[in-house]
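Chemist:
2 protein chains.
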Amino acid sequence: MERFSIAIHGGAGTILKSSMTPEKETAYKNALKIALDAGYEVLKNGQSAIEAVERAVVELENCPLFNAGRGSVFTSEGKHEMDASIMDGRDLNAGAVTMVSGVQNPITLARLVMEKSEHVFLAGAGAVEFAKKMNCTFQDEKWFHDDFRYQQWLDIKDTDSIQLDHSVKKVQKFGTVGAVALDMTGNLAAATSTGGMTNKKFGRVGDSPIIGAGTYANNATCAVSCTGSGEFFIRGVIAYDVSCLMEFKGLSLKQASFETIYKRLPKINGDGGLIAVDSQGNIAMPFNTEGMYRAFRKSDGSEEISIYK
Amino acid sequence: MERFSIAIHGGAGTILKSSMTPEKETAYKNALKIALDAGYEVLKNGQSAIEAVERAVVELENCPLFNAGRGSVFTSEGKHEMDASIMDGRDLNAGAVTMVSGVQNPITLARLVMEKSEHVFLAGAGAVEFAKKMNCTFQDEKWFHDDFRYQQWLDIKDTDSIQLDHSVKKVQKFGTVGAVALDMTGNLAAATSTGGMTNKKFGRVGDSPIIGAGTYANNATCAVSCTGSGEFFIRGVIAYDVSCLMEFKGLSLKQASFETIYKRLPKINGDGGLIAVDSQGNIAMPFNTEGMYRAFRKSDGSEEISIYK
Numbered sequence: 030m031e032r033f034s035i036a037i038h039g040g041a042g043t044i045l046k047s048s049m050t051p052e053k054e055t056a057y058k059n060a061l062k063i064a065l066d067a068g069y070e071v072l073k074n075g076q077s078a079i080e081a082v083e084r085a086v087v088e089l090e091n092c093p094l095f096n097a098g099r100g101s102v103f104t105s106e107g108k109h110e111m112d113a114s115i116m117d118g119r120d121l122n123a124g125a126v127t128m129v130s131g132v133q134n135p136i137t138l139a140r141l142v143m144e145k146s147e148h149v150f151l152a153g154a155g156a157v158e159f160a161k162k163m164n165c166t167f168q169d170e171k172w173f174h175d176d177f178r179y180q181q182w183l184d185i186k187d188t189d190s191i192q193l194d195h196s197v198k199k200v201q202k203f204g205t206v207g208a209v210a211l212d213m214t215g216n217l218a219a220a221t222s223t224g225g226m227t228n229k230k231f232g233r234v235g236d237s238p239i240i241g242a243g244t245y246a247n248n249a250t251c252a253v254s255c256t257g258s259g260e261f262f263i264r265g266v267i268a269y270d271v272s273c274l275m276e277f278k279g280l281s282l283k284q285a286s287f288e289t290i291y292k293r294l295p296k297i298n299g300d301g302g303l304i305a306v307d308s309q310g311n312i313a314m315p316f317n318t319e320g321m322y323r324a325f326r327k328s329d330g331s332e333e334i335s336i337y338k
Numbered sequence: 030m031e032r033f034s035i036a037i038h039g040g041a042g043t044i045l046k047s048s049m050t051p052e053k054e055t056a057y058k059n060a061l062k063i064a065l066d067a068g069y070e071v072l073k074n075g076q077s078a079i080e081a082v083e084r085a086v087v088e089l090e091n092c093p094l095f096n097a098g099r100g101s102v103f104t105s106e107g108k109h110e111m112d113a114s115i116m117d118g119r120d121l122n123a124g125a126v127t128m129v130s131g132v133q134n135p136i137t138l139a140r141l142v143m144e145k146s147e148h149v150f151l152a153g154a155g156a157v158e159f160a161k162k163m164n165c166t167f168q169d170e171k172w173f174h175d176d177f178r179y180q181q182w183l184d185i186k187d188t189d190s191i192q193l194d195h196s197v198k199k200v201q202k203f204g205t206v207g208a209v210a211l212d213m214t215g216n217l218a219a220a221t222s223t224g225g226m227t228n229k230k231f232g233r234v235g236d237s238p239i240i241g242a243g244t245y246a247n248n249a250t251c252a253v254s255c256t257g258s259g260e261f262f263i264r265g266v267i268a269y270d271v272s273c274l275m276e277f278k279g280l281s282l283k284q285a286s287f288e289t290i291y292k293r294l295p296k297i298n299g300d301g302g303l304i305a306v307d308s309q310g311n312i313a314m315p316f317n318t319e320g321m322y323r324a325f326r327k328s329d330g331s332e333e334i335s336i337y338k
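So the sequence lines, in the order shown, correspond to chains A and B.
Read in my numbering, the first sequence has 210 at position 181, and its numbers run on one by one without any break.
Read in my numbering, the second sequence has 124 at position 95, and its numbers run on one by one without any break.
#1: Give the DSSP-derived three-state secondary structure of Val129(B) in the structure shown.
#2: For Ser130(A), I'd like the list of residues in its chain whose CB is within less than 8 Å of its CB, leaving aside the five on either flank, ordered along the chain.
#3: Please compile the residues from chain A whose C-beta is within a distance smaller than 8 Å of the C-beta of Leu151(B).
#4: From the DSSP output, which residues share a beta bridge with Met111(A)?
#5: Going by DSSP in three states, His195(A) sits in which element: helix, strand or coil?
#6: Helix, strand or coil, according to DSSP, for Ser34(A) in the structure here?
#7: May I ask you to list the residues that DSSP assigns as paired with Ile240(B)?
#8: According to DSSP, simplified to helix, strand and coil, what is Asn122(A)?
#9: Quick check for students: name the residue ranges of the alpha helix (DSSP H) that lie wholly in the stretch 277-330 of chain B, counting only runs of 4 or more.
#10: Does the beta-carbon distance from Ile136(A) to Ala123(A) come in below 8 Å?
#11: To the nearest angstrom, how far is the alpha carbon of Ile267(A) from that of Asp329(B)?
#12: At 8 Å on the CB atoms, spell out the chain B contacts of Leu294(A), in chain order.
#13: Measure the beta-carbon distance from Asp212(A) to Ala78(A) and round it to whole angstroms, keeping in mind my assumption that it falls under 8 Å.
#14: Do the CB positions of Gly301(B) and Tyr269(A) come within less than 8 Å of each other?
#15: Using only CA atoms, which one of Gln76(A), Ala85(A), Met49(A), Ile290(A) lies nearest to Ala324(A)?
#16: Just to confirm the assignment, what range does the alpha helix (DSSP H) spanning Val206(A) have?
#17: Residues of the stretch 267-286 of chain B in Cβ contact with chain A at a cutoff of 7 Å, in chain order, please.
#18: With DSSP collapsed to three states, give me the class of Phe150(A).
#19: In the structure shown, what three-state DSSP assignment does Phe177(B) receive?
#20: Are there 16 or more other CB atoms within 10 angstroms of the CB of His195(B), so buried, or fewer, so exposed?
#21: Listed in chain order, which residues of the stretch 241-265 of chain B have Cβ atoms closer than 9 Å to some Cβ of chain A?
#22: Pick from Asp184(A), Phe150(A), Gly215(A): whose alpha carbon is nearest that of Pro238(B)?
#23: Near Ala160(A), what residues of its chain come up, given a Cβ to Cβ distance below 6 Å and the 5 sequence neighbours on each side ignored?
#24: Less than 8 Å between CB atoms is the rule here; does Lys327(B) satisfy it with respect to chain A?
#25: Consult DSSP for Leu61(A) and reduce its assignment to one of helix, strand or coil.
#26: So which of Arg32(B), Ile37(B), Phe33(B), Phe261(B) has the shortest CA-CA distance to Ile336(B)?
#27: What does DSSP give as the partner residues of Val253(A) in its beta bridges?
#28: In the stretch 124-139 of chain A, which residues sit with their C-beta less than 7 Å from some C-beta in chain B, listed in chain order?
#29: Note down, in chain order, every chain B residue with its Cβ under 8 Å from the Cβ of Leu121(A).
#30: To which residues of the same chain is Leu294(B) closer than 8 Å at the C-beta, ignoring the five residues directly before and after it?
#31: Just curious, the alpha helix (DSSP H) that Ile136(A) is in, first and last residue?
#32: Hey, does Phe156(B) have any beta-carbon neighbour from chain A nearer than 8 Å?
#33: Under 9 Å between beta-carbons, which chain A residues line up against Ile239(B)? List them in chain order, please.
#34: Are the CB atoms of Val209(A) and Val142(A) within a distance shorter than 8 Å?
#35: Do Tyr342(B) and Gly75(B) have their C-beta atoms within less than 8 Å of each other?
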């Protein structure tokens, strides 16, 4: 049997063991396991990497613990604005959406943009109109409402502060989810989804919907999904950076992703992490923050579900 | 005196000599010269590359001949939606806007996002709100109205066709403008601006506002501004591709940009071109279409203003 593997993340940032309860930790790990299982099952059944990353991200989007889909944070107007992108390493096809409201699973919408539209990137009302045409599932504000997220927003809504997600320092956790996978036939895929930053203004777009920055996949190199201070991931073109270090400099997946996260990203003061898989099924999950919700499973039986360094 | 240089483009596509009148050709060349002069003057006065590319693109945006700023094409709703991005090779700082209406010079707004906001990328109403705060110059629809563009839109508004800009085949010209520059102190910068596609729908975002795809600048390698079928430039992460081929594979500016435009972009069926400058002031302007409105001038006195292959 050909090998296959999947990795997922639920965001990186200042996640300190001291500020976490055992119950909360278990809840996060269980949620990661559900998403991991869902994606892994797809691969085990011989289905495609693109199907696996979508399925895993849908689970993460449907879980209120993570800042994506249902768990999305509130913008400065008390609304939810979500972004997502997906890329197929087989043909470098890609789909992305930004500033989307009401759609239950932005990652599914991103895949529909990739497969059913002539475009790669749709934004705002136009993206929502396309979602309606495609019969995407919509949810009302109540479905997205989460008391914890709402309190986060109330805390800072009349200030100029933004926060990337809940944390001790309140600006040090990056709420994004993502998945990367290698399927049995050797195809790679990557997917990323986010609910943005609490109290964000001005229609800010981060790296999650940007192909090359937050998401990238190429069968010749690797599949990458990022989480971190989005502005720096855009300026560093971080996801594609890993791929280029492999393709043009001959680095391994581990060498390339470590070079990007531990050397090149800090050089421009960026922090965060990424998950990546190569065509051999190797996994790398580097991050330069206190923690990153992450998990992987390979067809050889190896597995990990972790939060801290 | 240290060398400096600047290159500009006004879009690539099917620009056939047979369908061009001598008057039109002169008008385009004059418009390119005005923008080239404006940017070159900035560099000659010892000012920065970022100032030079902004100044050159402002001239191109203010000229109704090019699909950017004043000359922007009509969307399917008969409106104008503009995108722009700018990047400073000195510190990899960047600014970008998408789906902006009413702002006279989107490139100036992109620079303000880079310099005066904590974000890199702002979209839609939020970007316009920021423009108002920054006291950007606004213009009413009449200012943007152009009979030729309007007729283009009337021709296809009740169809599902989109067109990238006017041309023989009507879908083969890519209306984008851009500039790249090296200043006396060795700093590189790139800027790109577009008015989108005639009759575009669904809030489609192309490569022009995407750092890494349409625009990239890094003092260590090069500054790049792209024009072409945006979806393919996003999927190929074309602007950063040129930089990576130089940084990781040791290619020259000419080798890297030719590799990207003549080999890697066609592999995914993309067409278009780019302008690029490196830290030695070398210029490359490859394109795989019939023509590209382009021009460059170097401090050594060399200069070119051309349209066809």
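For every residue, glycine included, the Cβ atom is placed at its ideal position computed from N, Cα and C.
Modeler: On the basis of the data shown:
#1: Taking the second sequence and counting its residues from 1, one reaches residue 129(B) at position 100. Here Val129(B) sits in strand by DSSP.
#2: As a position in the first sequence, residue 130(A) is number 101, starting the count at 1. Correct list, in chain order: Lys108, His109, Glu110, Met111, Val157.
#3: The residue labelled residue 151(B) in the question sits at position 122 within the second sequence. Phe231, Gly232, Arg233, Val234, listed in chain order.
#4: Here residue 111(A) refers to the residue found at position 82 when the first sequence is read from its first residue. Looking at the DSSP assignment, Met111(A) forms a beta bridge with Val129(A).
#5: As a working mapping, residue 195(A) is identified with position 166 in the first sequence. Low confidence applies here, because His195(A) scores a pLDDT of 42, under 50, leaving its location unreliable and the question unanswered by this model.
#6: For the purposes of this step, residue 34(A) is taken as the residue at position 5 of the first sequence. The answer is strand: DSSP assigns Ser34(A) an E or B state.
#7: Working through the second sequence from its first residue, we reach residue 240(B) at position 211. Ile240(B) pairs with Thr244(B).
#8: One-based indexing of the first sequence puts residue 122(A) at position 93. Here Asn122(A) sits in strand by DSSP.
#9: 282-287
#10: The sequence position of residue 136(A) within the first sequence is 107, counting from 1. The sequence position of residue 123(A) within the first sequence is 94, counting from 1. No, the Cβ-Cβ distance between Ile136(A) and Ala123(A) is not below 8 Å.
#11: Translated into the one-based positions of the first sequence, residue 267(A) becomes position 238. Translated into the one-based positions of the second sequence, residue 329(B) becomes position 300. One C-alpha to the other measures close to 36 Å.
#12: As a working note, residue 294(A) is residue 265 in the first sequence. Per Cβ cutoff of 8 Å: no residues; Leu294(A) is ~11 Å from chain B at best.
#13: In the first sequence, residue 212(A) corresponds to position 183, counting from 1. In the first sequence, residue 78(A) corresponds to position 49, counting from 1. At roughly 4 Å, the Cβ-Cβ gap stays under 8 Å, so Asp212(A) and Ala78(A) are in contact.
#14: In the second sequence, counting from the first residue as 1, residue 301(B) sits at position 272. In the first sequence, counting from the first residue as 1, residue 269(A) sits at position 240. No; because the gap between Cβ atoms is not below 8 Å, this pair is not in contact.
#15: Position 295 of the first sequence, counted from the first residue, corresponds to residue 324(A). Here the closest residue by C-alpha is Ala85(A).
#16: Residue 206(A) sits at position 177 when you count from the first residue of the first sequence. Per DSSP, Val206(A) belongs to no alpha helix (DSSP H); it is in the beta strand (DSSP E), 205-211.
#17: Tyr269, Cys273, Leu274, Phe277, Lys278
#18: Taking the first residue of the first sequence as position 1, residue 150(A) is located at position 121. Of the three classes helix, strand and coil, the one that applies to Phe150(A) here is strand, per DSSP.
#19: Against the second sequence, residue 177(B) aligns to sequence position 148. Phe177(B): helix per DSSP, three-state reduction.
#20: Counting from 1 along the second sequence, the entry for residue 195(B) is found at position 166. In this prediction, His195(B) scores a pLDDT of 42, lower than 50, which makes its location untrustworthy; no coordinate-derived value is stated.
#21: Gly241, Ala242, Tyr245, Gly259, Glu260, Phe261, Ile263, Arg264, Gly265
#22: Here residue 238(B) corresponds to residue number 209 of the second sequence, with the count starting at 1. It is Phe150(A) whose Cα lies nearest to the Cα of Pro238(B).
#23: Locating residue 160(A) in the first sequence gives position 131, counting from the first residue. The answer, listed in chain order, is Val132, Leu138.
#24: Looking up residue 327(B) in the second sequence gives position 298. It does not; no Cβ of chain A falls within 8 Å.
#25: As a position in the first sequence, residue 61(A) is number 32, starting the count at 1. The answer is helix: DSSP assigns Leu61(A) an H, G or I state.
#26: Position 307 of the second sequence holds residue 336(B). Checking every option, the nearest Cα to that of Ile336(B) belongs to Ile37(B).
#27: Position 224 of the first sequence, counted from the start, is the residue given in the question as residue 253(A). The partner list for Val253(A) (beta bridge, DSSP) reads Tyr245(A), Ala305(A).
#28: Thr127, Met128
#29: As a first step, residue 121(A) is located in the first sequence; it is residue number 92 there, counting from the start. The contacting residues are Arg264, Gly265, Ile297.
#30: Along the second sequence, one-based indexing puts residue 294(B) at 265. Gly257, Phe261, Phe262, Gly265, Ile267, Asp300, Gly301, Asn317, listed in sequence order.
#31: Translated into the one-based positions of the first sequence, residue 136(A) becomes position 107. Unbroken alpha helix (DSSP H) run through Ile136(A): 135-145.
#32: The residue you call residue 156(B) lines up with position 127 of the second sequence. Before going on, a small fix: residue 156(B) reads as Ala here, not Phe. Closer than 8 Å: yes.
#33: On the second sequence, position 210 is the one that residue 239(B) refers to. Correct list: Phe150, Ile239, Ile240, Gly241, Ala242, Ile263.
#34: The residue given as residue 142(A) occupies position 113 in the first sequence. The residue given as residue 209(A) occupies position 180 in the first sequence. Going by C-beta atoms, Val142(A) is not nearer than 8 Å to Val209(A).
#35: The structure shown does not extend to residue 342(B), since chain B is modelled only from 30 through 338, so no value can be given for it.
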